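Chemist: FYI, the numbering for the sequence shown is 57 to 1096, going by my numbering.
I am attaching a structure below and will ask some questions about it afterwards.
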Amino acid sequence: MSAIDFVVRNDAGGLQRGQVSGKGADANIIISQGEDVSLNLERSHVMSYARQGSALQVMLVDGEIITIQGFFDANGAAQNQLFLSSGGQLAEVQLVPGDGNLMLAQYVDSDSFGKWSPDDELYFTQIAALPADGIEDAQATMMAAPLLGGISGLGGLGAAGAAALGGLALVGGGGDSGGDGETAVETDGGTATETPDEPDGGEGGTEGDGGDTDPTDPTVPTDPTDPTDPTDPTDPTDPTDTPDPIEPHDPGDTPVEAPELPAVEITGGTRAQDHVVNNADYQDGVTITGTGTPNASGTVTVGTVVVDMTVDGNGDWTIVIPATDLPSGEYDLPVSATVTTEGGTITHTGTLDVDTLAEVTFSADTVETDGTVNFVEESDGVVLTGTTQAGSTVAVTFGGSSYNAVVTGETWTLNVPAGTLPTGDLGTSVDITVTATDNHGNTATVTDTLEIDTITGVTITPIAAGGDNTVNAAERTAGLTITGTAEAGATVVVTMAGYAHTVTANASGQWTTTYASTEISRSEFKVENVTAVATDAAGNTASAAATVKIDTEIGVTITPIAAGGDNTVNAVERDAGLVVNGTSEAGATVVVTMAGFSHTVTANSAGQWTTTYSKTEISRSEGKVETVTAVASDAAGNTATTSATVKVDTEIAVTVDTSDVDGPDAIVNFEERKDGIVLHGTADAGSTVVVTFNGYTHTVTATSAGTWSSNYAVGELPIGNVENNYAVTVKATDTAGNTATTTGTVKLDTWVNNLTHPGLVETDDVVNKAEASDGITLTGKVEAGSSVVVDFNGLAHTATVTGTTWTVTYTGAEIPQGTYDAAITITATDAAGNVRSITDTFVVDTDVPDAPGMEGIGLYDNGVRDIAIDNTDDSITVHSYNSGSAGTTLIADNGDRYLNGRTGELEFGFDNPVVDGKQLIVTATDDHGNTNSTLLVLDERSTNVVDVTATGIDGFNVGAIDLTFADKSTLSLTKANIDDLSANDNVLVVHGALDDAVTFQGTATMTGTEVIGGETYNVYSVGGDSVLKIDDDIQFSTTI
């Protein structure tokens, strides 16, 4: 068969075009839900339609099958549309279920190609053809035959049945009941279908048979008016027409006998024979057998696999499909056997069932939950289980034996009794093989290894405990280590004296634990039991036991050493030697040590020991206490130590300590003398001590600690202002009559022997404004080594003392402003702690006089000859300076003053007139040297600008500028100018008139007004503490 064109259109309008033939993989068209399929076929090319699962099989008259995969859903309902198209015609194939898998088809024609249609893409303009020999005649004859005549399952419908079914055509496929499928036969006389398993069905129609000859039916072939009537003598196609060379009944032809119909049937290897292909069948090749027309040939199609088939002379055929051509697994495939002879083509269908797989699972890891069988678990029996397919049989093999498991549903179980599995230590295992055989004879095998651990062990290494299996006191303190062996990883619980330790054996099977001293009892001799219980990872247990002795006690004593009955060795007793004795454990070795000499003795059976020290082993000393130790050791190695003391007094000594008399400086000062003093020292305990100081003698007794002290009252000490050393004599006598004498010195210093005030402050005991601004320095004399604190008006400063001179400085900021008498207090403390204070006073006057107020000038042709100012008690000086040069000239002083009785003003005349270009500075000085000056501005012919930066002003405290006596003066000021003019208070007063102008460069904030000399002045703050006061008649402005 030639390839058949097809087109697939999806629901988005996308197209897929291709070709398909009825053989091999290309016989399949795979589609998705909602897609349309159009085949380039005539209706007469289709012999039958059948559903196989979700696939639609289209069997053609030439025996080929086209399979459309995915045409039906899981419930067998069509979810796609099928069209046939040829020569520009398109028909929709509407399918309804028939018997079994058969589908009945009804064709619905669409318009001819060329008229617009939404299905234009599905049209084929070429005429479909099946070029196999004889197909065209068979098709034409098939279309002329009754469609439904003699169809099995329709009874005796015949032509009436076809009429009742309207335009339906019968199609065939494999059946689910009665027989294995349908057989379709194509002959020259028409088409017939039969069900081999249902022999009662009707026969297929033949030419001229199976229909009425209603003369009114335009389709009746004998209707003389029907142009298609083959017996119509006017029909050019009439086969009875004499000129027709192919008319079989043409009188001019030789009669030819019609060929016999072919036969084919599937008789073995399919579902109809209750056969399922298992894995053995599959591996040998899938075999299908059948019968048919002897010596005929054809094909067997299984799914998409097509195998050529030849019927032998006995009418039998067999085909074998290699395993490589079919997949393994569980599935079914449609089977069709087709035979073609000259008498036509016949097909028989069936179903191939394949099941090549069996299933079984087993995991040893889940046995006894952990995959290991221990002793207890093996003793109780072990359950093995897994899964398999329902209906399978399961055999479990291990240890050379096989056991049948119980299968329930999809679970298999084998109860293994105790004693069946092997036993052994960690590392023992058994391979378990499980084989399942399903109900089709397929087998599956799984093997896993089950771990066996039913044996464990534990040992305790002999407990050395110092090598003698006895724990002594030192070994108890260090702790007792117990070791042993067990299975690697096993947990070992070690118990001794009620204390349980849990440890784990290492990878080498070694375990160890240490008992602390608090877990080991103290005893002189006791046997302790030690047990070890091991539990391995599989849960097996084992135990071991051992013993250890405990001997931790020993004692030793020293009998109190008499040494003449007073525990003191004097010179006579030293010469006689010293006996030391005591007790210990019988047989113990006792080492007695005194003063570095050791004696080794052994305690007798009564536990007593004794030793004697000679005089050469006893040192000469003055009340020295010797320590005697005794260390005893018993056979277990325990030791005990005790000690005692003995006093050796063959000498006597006495001391006096004056280093801390009334303080750490060893000097008694004025205050300390008031309480008296205490003299002290050392002497043999109990000695009599006689102390003599300043002619006074005291007798005291040395304490048990070997110290003595004596209090001397103030009346027994030197009086007055003293700085001197006084001797002390001390004599001691001990109880043995030994004597010793010593001397010492006590120093008394009871006053500060030098302190003076600073003398004249600032040379005149007056501090004026300028001197206060610079600060003041005070100085005086004091005793060397003293410290000095000076208090000035409540402000205390510590002075610097160099040798015998003290100095202190107060800054200008620390000197209060104003006029007052300042009091100072100078307090000195000498090295002995004596204190002395003196006071002094001086005058502070920081109040400066008012700047002189100008009342007039004497202006003559040749210059200014005199000035008048407000009367004042202050001393007045007048200086002139040249605006363009440095330096000033004194032109008048207080001796030139004249009080005008009429005006009450002071007048000053000048020897020489003040000429053009010069300015005047009038200064008032009070009694303490404070000054304040007025810059008196005079007319200059060349300029009316006032220069406040002229060097002639330097050195004056200018508190006022008077522009009154100069015409149209112009003055420019800055904050720096104001601050530079006067060091007094940074306040500048400017006098003037309406024709004067003052400009301030900067920010000037008016804070109020002030009346000066009956005139109103505006007051401006110009930054910081700087203030500008300007006569309100003056023209004032600011610039920034």
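A virtual CB, placed ideally from N, CA and C, is assigned to each residue, including glycine.
Quick caveat: nothing in here was measured; it's all calculated off a predicted structure.
For Lys680, which beta-bridge partners are listed by DSSP?
Modeler: According to DSSP, which records beta bridges pairwise, Lys680 is partnered with Val704.
Chemist: Is it the case that the stretch 358-370 contacts the stretch 420-435, given that we only count it when at least three CB pairs across the two stretches are under 8 Å?
Modeler: Flag = no, the stretch 420-435 and the stretch 358-370 do not touch.
Chemist: Kindly indicate which three-state DSSP category Leu470 falls into: helix, strand or coil?
Modeler: Correct three-state label for Leu470: strand.
Chemist: Hey, which unbroken runs of the beta strand (DSSP E) at 3 residues or more fall wholly within the stretch 775-801?
Modeler: 779-789, all fully within the stretch 775-801.
Chemist: What residues match up with Lys671 in a beta bridge as DSSP calls it?
Modeler: Answer by DSSP bridge pairing: none, since Lys671 is not bridged.
Chemist: Give the straight-line distance between the Cα atoms of Glu254 and Ala319, rounded to the nearest whole angstrom.
Modeler: Caution is warranted here: a pLDDT of 35 is assigned to Glu254, below 50, making its placement in the model unreliable, and the coordinate value is therefore given only provisionally. Cα to Cα, Glu254 sits roughly 16 Å from Ala319.
Chemist: Which first and last residues belong to the beta strand (DSSP E) in which Ser627 is found?
Modeler: Note that residue 627 corresponds to Ala in the displayed sequence, not to Ser. No beta strand (DSSP E) contains Ala627, which is instead part of the alpha helix (DSSP H) from Ala627 to Ala632.
Chemist: Take Val702 as the anchor and find which of Thr685, Ser765, Asp718 and Leu955 has the nearest alpha-carbon.
Modeler: Among Thr685, Ser765, Asp718 and Leu955, the Cα nearest to that of Val702 is on Thr685.
Chemist: Roughly how many angstroms separate the alpha carbons of Pro292 and Thr396, rounded to a whole number?
Modeler: Because the pLDDT of Pro292 is 38, which lies under 50, any placement of that residue in the model is unreliable, and the number read from its coordinates should be weighed accordingly. Approximately 32 Å between the Cα atoms of the pair.
Chemist: Check the C-beta distance from Ile925 over to Val978 and give it rounded, since I have them as a contact under 8 Å.
Modeler: At roughly 6 Å, the Cβ-Cβ gap stays under 8 Å, so Ile925 and Val978 are in contact.
Chemist: Rounded to whole angstroms, how far is the Cβ of Val1045 from the Cβ of Tyr1073, which I believe are closer than 8 Å?
Modeler: Confirmed, about 7 Å.
Chemist: So Thr895 packs on Ala879, CB below 8 Å; how close in whole Å?
Modeler: Correct: roughly 6 Å between the Cβ atoms.
Chemist: Alpha carbon to alpha carbon, how far is Val463 from Thr239? Give it in angstroms, no decimals.
Modeler: Low local confidence applies: a pLDDT of 36 at Thr239 is under 50, so the model's placement there is unreliable, and no value is given.
Chemist: According to DSSP, Trp807 sits in a beta bridge with which residue or residues?
Modeler: Answer is none; Trp807 lacks a bridge partner.
Chemist: For the structure I just gave you, are there three or more beta carbon pairs, one from the stretch 544-556 and one from the stretch 564-574, closer than 8 Å?
Modeler: Touching, per the Cβ criterion.
Chemist: Measure the Cβ-Cβ separation of Trp807 and Phe749 and say whether it is below 8 Å.
Modeler: Contact flag unset, no.
Chemist: In this structure, how does DSSP classify Gln329 when only helix, strand and coil are distinguished?
Modeler: Gln329 falls in the helix class under three-state DSSP.
Chemist: Following the continuous beta strand (DSSP E) through Val432, name the residue where it begins and the one where it ends.
Modeler: No beta strand (DSSP E) contains Val432, which is instead part of the alpha helix (DSSP H) from Phe431 to Asp436.
Chemist: Judging by CA-CA distance, which residue of Gly325, Thr789 and Ser353 is the nearest neighbour of Val342?
Modeler: With distances taken between Cα atoms, Val342 lies closest to Gly325.
Chemist: Go ahead and pull the three-state DSSP assignment for Lys1085.
Modeler: Strand at Lys1085.
Chemist: So what's Gln339 in DSSP terms, helix, strand or just coil?
Modeler: Reduced to three states, the DSSP call for Gln339 is helix.
Chemist: Which partner residues does Val770 have in the DSSP bridge list?
Modeler: Partner(s): none; Val770 has no beta bridge.
Chemist: Whole angstroms are fine: how far does the CA of Ile508 sit from the CA of Leu389?
Modeler: Looking at the two C-alpha atoms, the distance is approximately 49 Å.
Chemist: Are the CB atoms of Gly437 and Pro473 nearer to each other than 8 Å?
Modeler: In this structure, Pro473 lies closer than 8 Å to Gly437 by Cβ.
Chemist: Have a look at the DSSP bridge pairing and note the partners of Asn637.
Modeler: Beta-bridge pairing links Asn637 to Thr666.
Chemist: If we ignore side chains and look at the alpha-carbon of each, how far apart do Thr812 and Glu839 end up?
Modeler: The straight-line gap from Cα to Cα measures roughly 10 Å.
Chemist: Rounded to whole angstroms, what's the CA-CA distance from Lys496 to Ile511? Just pull it up for me.
Modeler: First, the amino acid is wrong: residue 496 is His here, not Lys. Taking the straight line joining both Cα atoms gives about 45 Å.
Chemist: For the putative contact between Ser577 and Ile606, defined by C-beta atoms under 8 Å, what is the C-beta separation to the nearest angstrom?
Modeler: The pair is a contact, with the Cβ atoms about 6 Å apart (cut-off 8 Å).
Chemist: Just to confirm, is the Cβ distance from Asn626 to Asp690 under 8 Å?
Modeler: Contact flag unset, no.
Chemist: Looking at C-beta atoms only, is the number of pairs between the stretch 651-671 and the stretch 482-495 that lie closer than 8 Å three or more?
Modeler: Not touching, per the Cβ criterion.
Chemist: For Phe1056 and Lys1024, I'd like the C-alpha separation in whole angstroms.
Modeler: Approximately 17 Å between the Cα atoms of the pair.
Chemist: Take the Cβ of Gly230 as the centre, count every other Cβ of all protein chains shown within 10 Å, and call the residue buried at 16 or more, exposed below.
Modeler: Reliability fails at Gly230, whose pLDDT of 33 lies under 50, so the model's placement of it is uncertain and the value that follows must be treated cautiously. Counting Cβ neighbours within 10 Å, Gly230 comes out buried, since at least 16 surround it.
Chemist: Would you mind sorting Arg65 into buried or exposed? The rule is 16 or more other CB atoms within 10 Å of its CB.
Modeler: It is buried - the Cβ of Arg65 has at least 16 other Cβ atoms within 10 Å.
Chemist: What residue range does the alpha helix (DSSP H) around Phe726 cover?
Modeler: Phe726 to Lys730 is the span of the alpha helix (DSSP H), which, as asked, contains Phe726.
Chemist: With three or more beta-carbon pairs closer than 8 Å as the criterion, would you say the stretch 994-1002 touches the stretch 946-954?
Modeler: No contact exists between the stretch 994-1002 and the stretch 946-954.
Chemist: Helix, strand or coil for His853 per DSSP?
Modeler: Note: His853 maps to strand in three-state DSSP.
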